[in-house]
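Quick note, the sequence shown lines up with residues 6 to 332 if you use the working numbering.
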Amino acid sequence: MMPYRQKNARGSFKPHLAVKFRSEEGNLRSFFIDSTRVAAKYPQPDAYLITHAHSDHHGSSAMLSECSICTEKTMNALEVRHSRNFKGNLAGENGFIDYGGVKIRTYPTHHTDGSVAFGWENENGMRILATGDVKDASNLPSCDVLITEANYGDPADLSCYFEDDLEGFYAALKSPQDVAFGAYPFGKAQRVVRLIRQSGYEGPIGMDDKSQELTQNLLEDAGELVSMDAGAGVNVVSPGKLEELPLYMSKYMITGRRDHRFPSINISDHLDASGLEKMVLDIDPEFVVVYHPAGHRPSRFACHLNTLGYDAVCLADINNVVSNEFM
6 MMPYRQKNAR
16 GSFKPHLAVK
26 FRSEEGNLRS
36 FFIDSTRVAA
46 KYPQPDAYLI
56 THAHSDHHGS
66 SAMLSECSIC
76 TEKTMNALEV
86 RHSRNFKGNL
96 AGENGFIDYG
106 GVKIRTYPTH
116 HTDGSVAFGW
126 ENENGMRILA
136 TGDVKDASNL
146 PSCDVLITEA
156 NYGDPADLSC
166 YFEDDLEGFY
176 AALKSPQDVA
186 FGAYPFGKAQ
196 RVVRLIRQSG
206 YEGPIGMDDK
216 SQELTQNLLE
226 DAGELVSMDA
236 GAGVNVVSPG
246 KLEELPLYMS
256 KYMITGRRDH
266 RFPSINISDH
276 LDASGLEKMV
286 LDIDPEFVVV
296 YHPAGHRPSR
306 FACHLNTLGY
316 DAVCLADINN
326 VVSNEFM
């Protein structure tokens with residue numbers, strides 16, 4: 006298997022990673038992982054693997070290719086978020102898809118509704134796993150090559166260590182005042198609604214339009230969702246909408262950041278540094294490629310894995326470069 010970086014016609018790198026390998030039948034294949042499309046006039050990869058629908062994983066571009074692969078919930082989120090029709094192929098959240106002679110297995114990562122890792126084998130039986138972002142790695146299998154994220158992978162950064170503050174969240178939810186939680190419309194809002202329902206609250210939840218549409222499309226057990234102007238006692242709205250709600254409401258931001266005017270409650274969609282390390286130890290690959298996010302964390306996570314005895318590189322270390330003209 007060869008991990009490589011794709012250049013566009015302007016000579017700049019496409020985001021994230023591509024891999025070349027031979028299928029079990031011996032045919033050369035190329036998969037793009039969470040990357041933008043190649044212009045139609047150039048040779049296309051065999052598949053665009055979309056792990057989930059957050060914008061920094063570029064599904065808004067890849068969803069327009071007939072070679073794209075994602076889950077149904079990721080497709081729904083992409084279509085709602087970007088007002089475009091998905092043109093690719095659907096895979097289950099914990100199953101198989103036979104694509105171009107490659108048997109691809111999906112594994113839930115619990116980062117967002119519908120988020121999955123993709124796993125497959127090459128002609129030599131090498132097991133390759135591309136995770137996207139991960140909240141819960143318990144469903145991920147062992148593999149030989151792990152392609153993964155490092156959102157909170159810097160072991161020297163104290164902000165990369167955290168636990169979900171469920172106690173603080175439920176305390177805020179049970180306060181006698183009406184309450185509003187600021188949460189990003191995709192991913193975070195659905196997690197908060199699920200926590201509210203799991204607490205036993207059965208009343209209406211006020212939401213802004215985009216958060217409501219996404220939640221209704223992604224959660225089977227969302228319960229009654231109403232407009233943020235309906236006067237509900239519990240509300241989950243986009244962060245920018247908190248200011249529009251009445252002053253008497255208790256308001257919180259669901260984030261680990263502390264640079265908001267409202268109090269923060271940490272409910273994360275990611276593994277922290279300890280969780281990422283444990284994920285790698287449990288999967289126990291022979292080689293690790295850290296491809297996300299931008300910045301220094303992939304390099305520092307790869308270096309940390311090196312100290313643990315793993316052969317690991319980050320995206321910036323990959324010197325295999327292919328331009329569109331030579332795909």
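Positions of the beta carbon are idealized from the N, C-alpha and C atoms, including for glycine.
Predicted model, so just to flag it, every value in this text is computed and none were measured.
Determine the burial state of residue i: buried for a count of at least 16 other Cβ atoms within 10 Å of its Cβ, exposed for fewer.
i	result
Q203	exposed
S304	buried
A45	exposed
G300	exposed
D234	exposed
F123	buried
Q182	exposed
R10	buried
G100	exposed
F331	Per-residue confidence for F331 stands at a pLDDT of 46, beneath the threshold of 50, marking its modelled position as unreliable; the derived number appears in the next sentence. By the 10 Å Cβ count, F331 comes out exposed.
P251	exposed
N81	buried
N127	buried
P268	exposed
G208	exposed
I61	Note that residue 61 is Asp in the sequence shown here, rather than Ile. Burial call: exposed.
A142	buried
P146	exposed
With a CB to CB cut of under 6 Å and the five nearest residues on each side skipped, what residues in its chain are close to residue i?
i	result
G105	D51
H262	Per the sequence presented here, residue 262 reads as Arg, with His not at that position. For R262, where only same-chain residues beyond five positions count, there are no Cβ hits under 6 Å.
F306	A155, G158, V295
I109	I102, F123, W125
H309	P160
L223	K78, D118, Q195
I38	H21, L22, L54, A135
Q217	L230
Can you look up residue i in the DSSP assignment and give me helix, strand or coil?
i	result
A142	coil
A321	helix
Q11	strand
N81	helix
Y157	coil
G16	coil
F36	strand
Y315	coil
S60	helix
L151	strand
N129	coil
T111	strand
N222	helix
H21	coil
L54	strand
C72	coil
I272	coil
V285	helix
A96	strand
What does a CB cutoff of less than 7 Å around residue i pick up in its chain, not counting 5 residues either side in sequence?
i	result
L83	A58, G64, S65, M68, F91
L33	K25, R27
Q221	A227, L230
By Cβ distance, which residues of its chain are closer than 8 Å to residue i, with the 5 residues on each side in sequence left out?
i	result
M7	V24, K25, F26, N325
Y206	L178, V239
I74	A52, Y53, L54, I55, G93, N94, L95, A96, I102, Y104, I109, F123
A321	P303, S304
S70	R42, Q49, Y53, K92, G93
C148	G124, R132, I133, L134, I288, P290
D169	N271, I272, S273
Pull up the CB-CB distance for residue i and residue j, whole angstroms please, since I reckon it's below 8 Å.
i	j	result
T117	A96	T117 to A96, Cβ: 15 Å. No contact.
I210	L230	5 Å
V198	V241	6 Å
Kindly confirm or deny that the segment 157-171 and the segment 267-286 touch, where touching means at least three C-beta pairs closer than 8 Å.
yes
Okay, do the segment 169-178 and the segment 298-315 touch, 3+ Cβ pairs below 8 Å being the bar?
no
Taking contact to mean 3 or more Cβ pairs, one atom from each stretch, closer than 8 Å, check whether the segment 134-154 and the segment 282-297 are in contact.
yes
Report yes or no: do three or more beta-carbon pairs, one from the segment 239-257 and one from the segment 278-287, lie closer than 8 Å?
Fewer than three pairs of CB atoms, one per stretch, sit closer than 8 Å, so the segment 239-257 makes no contact with the segment 278-287.
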